[in-house]
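In the numbering used here, the protein residues as written are 206 to 1131.
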């Protein structure tokens, strides 16, 4: 189940429960049951790993001391067979909410002492909240049953490319934004912001043998999880990362623990605390033995996304070592209190990142004092301004501040980054792209100046600005204002000063400027007729594009060696950065191409590559030969059921059907596509025929529908017969006689009609004994006569005849196309299941490598295209001078005056018109 499918199911379930619970409480139920399912599945997997089978599951009882001890010693908890999530599902109609309440109570009782700090009370929110799901046991049972069946569809095998619990939490907060995420001070850190912070921290901690990381406002735990993953990617052993988390809200604190455990982090590497971070600091101690275990907590990295500008109690904090050297944050804004708390817990060589509201950079009074002390103590390493509307539930402008303990030789300079312009829209919110994250991380690491993006600011400059760190004071990321050259506006030509703004292009493309323009001292005249063609054909541009192509010479083969030659050996976590380094190295000799655009192209492709590699590495290379049922959800009555798609029943586990068809079944695919093309042509032919008809009568015509927009093919044959009958008297009479036969009119009426219509060749048909003619005989004669009728070109009869013929062709073609398509699907399935290793490697190459190589090859063309647009825009801007406009206005005024002179009216009207003519012509003295 992908994110979109998961979101749709969760939202539908939440809507069902709206009458029972508060919208923002729903997440506590679904997340709790997801975690319980995870623990149940982990126990079953461990049991099977010891040699047990599914038939042995009923042996999981606490009465069996050996099994109980084995599970508690190795997992830290025990869930009996009757309490397993899978058992609940198997109970069917015998399931009751009491099964859940009994199981949760037993879980608390059977947690091993060594894991009590991680598991104690972890299901409290779920246990106490179940009573809200209904007024009776039956209604509670129905609500819980619906939830566990929904959760049964959510995969939690760790193969998802997203944090399942974190995503659900984020999604529900975004949907219930009016009260969720604010009511209890909960703020979810969007995944992309979390990744940005993780990359900054992990780069600082790379290659350390073990690290400790701490989040004092842990929320869902996503920040800690992402930093751990990223640090492991940078060479820190995953099992050597210790996680400390503190969270005030109990339900969210439980979520922190759930999420850390579900991500496979060892329990002895998790230390969590449910408490007020600012009121009760964390010099770590075992609460059972505080005096004997007291140990101040200092860690390698602290990350935090605290609630913004929250009230707090600063009373008695003057001597608190966290704040004593810096100052006390104001009572109404705890932002700097959280920051100083994080900073205090850093080791001397540690690093911290914290998300704060933009106001901390310039607000005065107590915050100004703290800011000055942070600057003077050389704690602030970088300030990163984020895009607006990047967080759910708040539109407050935010920043990331990167801080460290004072370092020897540190000059106190601060890197200011304005990253507010780099994002993509994601519904109502903005979202950082991978290239945006990479651009920020790189500039934080190198501390290089980047125009309109980043600048290192000296401590003296900060002092001169009275410690105001507002980003626009140091980095101006605004667009340059549009300017107009007065001389060029009056006399024409493109100002050479504006052409100079394109020097980045002219320096790389020698001779191009001279080829495009004839320049004087102030302006330049366009010397070519077609700007785009002149630029594209110029020798320097073609040489530039060859240079770009040469830079990526061998890149295809490099990717094949890296990814496809031995896919089972690819280190997925670090491979993307290896390839990115290679791309950046190749682009180092290619000017004008933005390497971060190239990085985005790589990352867009990498998501699919990484998922395929994970599949191959976990399931074996045989996974490329696997074909799965393509399941779709359909509504039947009031319930949704999952069934195999009838029109598209199969999908490749790794290899897409369309790719296999293009590569291995090209002729068959072309034949099916040709049928589809012909069907499209027929649809177009209908439109052409309708366009040729007389519009006046179409809306009411009996052979049309939808207000004259489409043919009504059920009514078309009768309408055609009417038109043909008007062209042939015998045919017209035969059609009339057929109506008598169809209507079973009396014999005498039929015989009278025969006698009255000698124009019909009655002797060409065999009569019945009573002298009438059977329907079959009449039909045969109608067809004979129709065949001889000459239809006039351009007549309505011709159009209707063509439409009917196309309809017959269309009906048969649709039938043939469907049969051919289903046959192609089956052949594709067989082809995948029998693909050779060589074919599989080539298909993976086409899926992974070819799209990326093709996208990178487009980048030089986009550079040239951008130059064409800018040059053309300059030429268009000054194409018409102000005198030209004045002449056009005067000419228009003269034309209007002439038209006014043709008007007639009474004396007052004409006096007014004459005055208007004077005004238009500027003849005020006349």
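Built from N, CA and C at the ideal position, the CB exists for glycine as well.
* Are the C-beta atoms of residue 887 and some chain D residue less than 8 angstroms apart? -> Among the chains of the structure shown, chain D does not appear; only one protein chain is present.
* **For residue 1056 and residue 810, believed in contact at Cβ under 8 angstroms, the rounded distance** => Translated into the one-based positions of the chain shown, residue 810 becomes position 605. Translated into the one-based positions of the chain shown, residue 1056 becomes position 851. Yes, residue 810 and residue 1056 are in contact; Cβ-Cβ is about 6 angstroms, under 8 angstroms.
* To do: Give the range of the beta strand (DSSP E) segment to which residue 478 is assigned.
  => What you label residue 478 is simply residue 273 of the chain shown in a count that begins at 1. Per DSSP, residue 478 belongs to the beta strand (DSSP E) from 475 to 479.
* Would you mind reading off the limits of the alpha helix (DSSP H) that contains residue 513? => Working through the chain shown from its first residue, we reach residue 513 at position 308. Residue 513 -> no alpha helix (DSSP H), and no H or E assigned at all.
* If you pair each beta-carbon of the region 754 to 769 with each one of the region 722 to 734, do three or more pairs fall below 8 angstroms? -> no
* Which residues mark the beginning and the end of the beta strand (DSSP E) in which residue 420 is found? -> Locating residue 420 in the chain shown gives position 215, counting from the first residue. Where residue 420 is concerned, the enclosing beta strand (DSSP E) stretches over 416 to 420.
* Asked: Can you tell me whether DSSP reads residue 1085 as helix, strand or coil?
  -> Along the chain shown, one-based indexing puts residue 1085 at 880. Coil.
* Along the chain, which unbroken stretches of the alpha helix (DSSP H) at least 4 residues long are found entirely within the region 569 to 628? -> 571 to 581
* Asked: Where are the beta strand (DSSP E) runs, 3 residues long or more, that stay fully inside the region 689 to 765, in chain order?
  -> 722 to 724, 728 to 731
* **residue 562, enclosing beta strand (DSSP E) - first and last residue** => In the chain shown, counting from the first residue as 1, residue 562 sits at position 357. First-last of the beta strand (DSSP E) with residue 562: 551 to 562.
* CA nearest to the CA of residue 285, picked from 398, 249, 578, 595 -> The residue labelled residue 285 in the question sits at position 80 within the chain shown. Nearest option by C-alpha distance: 249.
* **Closest Cα partner of residue 1071 within the set 737, 593, 684** => Numbered from its first residue, the chain shown carries residue 1071 at position 866. Comparing Cα positions, the closest option is 737.
* To do: Output the boundary residues of the beta strand (DSSP E) element that contains residue 838.
  => The residue you call residue 838 lines up with position 633 of the chain shown. Looking at the DSSP string, the run of the beta strand (DSSP E) that includes residue 838 is 836 to 841.
* **Cβ separation of residue 659 and residue 621, assumed to be a contact under 8 angstroms, to the nearest whole Å** => Within the chain shown, residue 659 is the residue found at index 454, counting from 1. Within the chain shown, residue 621 is the residue found at index 416, counting from 1. Correct: roughly 7 angstroms between the Cβ atoms.
* Asked: Would residue 543 pass as a contact of residue 509 if the rule is Cβ separation under 8 angstroms?
  -> Counting from one through the chain shown, the residue named residue 543 turns up at place 338. Counting from one through the chain shown, the residue named residue 509 turns up at place 304. Cβ atoms of residue 543 and residue 509: closer than 8 angstroms.
* To do: Locate the beta strand (DSSP E) running through residue 505, then write down its first and last residues.
  => Position 300 of the chain shown, counted from the start, is the residue given in the question as residue 505. Residues 504 to 509.
* Asked: So who's on the other strand from residue 660, going by DSSP bridges?
  -> Within the chain shown, residue 660 is the residue found at index 455, counting from 1. Note: residue 660 sits in a beta bridge opposite 621.
* What are the start and end residues of the beta strand (DSSP E) that includes residue 653? -> For the purposes of this step, residue 653 is taken as residue 448 along the chain shown, with counting starting at 1. Counting along the chain, residue 653 falls outside any beta strand (DSSP E), and DSSP gives it neither H nor E.
* **Which listed residue (451, 408, 766) has its alpha carbon closest to that of residue 784** => Here residue 784 refers to the residue found at position 579 of the chain shown. Closest option to residue 784, Cα to Cα, is 766.
* Euclidean distance between Cα positions of residue 472 and residue 466 -> The count along the chain shown starts at 1 and reaches residue 472 at position 267. The count along the chain shown starts at 1 and reaches residue 466 at position 261. Each residue's alpha carbon lies about 7 angstroms from the other.
* **Which of helix, strand or coil DSSP assigns to residue 948** => If you number the chain shown from 1, residue 948 lands on position 743. The answer is coil: DSSP assigns residue 948 none of H, G, I, E or B.
* To do: Would you decide whether residue 1011 is buried or exposed? Buried here means 16 or more other CB atoms lie within 10 Å of its CB.
  => Taking the chain shown and counting its residues from 1, the one referred to as residue 1011 is at position 806. Residue 1011 is buried by the Cβ-count criterion.
* Which whole-angstrom value describes the C-beta separation of residue 829 and residue 877, a residue pair presumed to lie in contact below a C-beta threshold of 8 angstroms? -> For the purposes of this step, residue 829 is taken as residue 624 along the chain shown, with counting starting at 1. For the purposes of this step, residue 877 is taken as residue 672 along the chain shown, with counting starting at 1. Contact doesn't hold; Cβ gap of about 24 angstroms is too wide.
* My guess is that residue 884 and residue 1019 are in contact by the Cβ rule of under 8 angstroms, so how many angstroms apart are they, rounded? -> Here residue 884 refers to the residue found at position 679 of the chain shown. Here residue 1019 refers to the residue found at position 814 of the chain shown. Rounded, the Cβ-Cβ distance is 7 angstroms, consistent with contact.
* Asked: Going along the chain, which residues of its own chain have a beta-carbon closer than 6 angstroms to the beta-carbon of residue 627, five neighbours each way excluded?
  -> The residue labelled residue 627 in the question sits at position 422 within the chain shown. Result list for residue 627: 641, in chain order.
* To do: Count the other C-beta atoms from every protein chain shown that fall within 10 angstroms of the C-beta of residue 367, then say buried if there are 16 or more, exposed otherwise.
  => For the purposes of this step, residue 367 is identified with residue 162 of the chain shown, where counting begins at 1. Here the model assigns residue 367 a pLDDT of 49, short of 50, so the residue's position is not dependable, and the following value carries that caveat. Exposed, since its Cβ has fewer than 16 Cβ neighbours within 10 Å.
* To do: Could you tell me whether the region 703 to 710 touches the region 591 to 601, using the rule of 3 or more Cβ pairs below 8 angstroms?
  => no
* **Cβ shell of residue 635 (< 8 angstroms), same chain only, five flanking positions each side left out** => Taking the first residue of the chain shown as 1, we reach residue 635 at position 430. The answer, listed in chain order, is 592, 593, 594, 595, 628, 629.
* **Pair within 8 angstroms by beta-carbon distance, residue 449 and residue 424** => As a working mapping, residue 449 is identified with position 244 in the chain shown. As a working mapping, residue 424 is identified with position 219 in the chain shown. Cβ distance not < 8 angstroms, so residue 449 and residue 424 don't count as in contact.
* Asked: Hey, is the region 818 to 832 in contact with the region 665 to 678, meaning 3+ C-beta pairs nearer than 8 angstroms?
  -> no
* Starting from the N-terminal side, write out each stretch of the alpha helix (DSSP H) that is 4 residues or longer and does not extend beyond the region 813 to 899. => 862 to 869, 871 to 897
* Is DSSP giving residue 257 helix, strand or coil here? -> Here residue 257 is taken as the residue at index 52 of the chain shown, counted from 1. Correct three-state label for residue 257: coil.
* To do: Just the C-alpha distance for residue 925 and residue 1005, rounded to the nearest angstrom, thanks.
  => By 1-based counting over the chain shown, the position of residue 925 is 720. By 1-based counting over the chain shown, the position of residue 1005 is 800. Near 6 angstroms, if we compare the C-alpha coordinates of residue 1005 and residue 925.
* Asked: Which runs of the alpha helix (DSSP H), 4 residues or longer, sit entirely within the region 433 to 457?
  -> none
* Kindly identify the DSSP beta-bridge partner or partners of residue 250. => Within the chain shown, numbered from 1, the residue matching residue 250 stands at position 45. Bridge partners of residue 250: none, in fact.
* Cβ of residue 342 within 8 angstroms of Cβ of residue 398? -> Within the chain shown, residue 342 is the residue found at index 137, counting from 1. Within the chain shown, residue 398 is the residue found at index 193, counting from 1. No, Cβ-Cβ distance for residue 342 and residue 398 is not below 8 angstroms.
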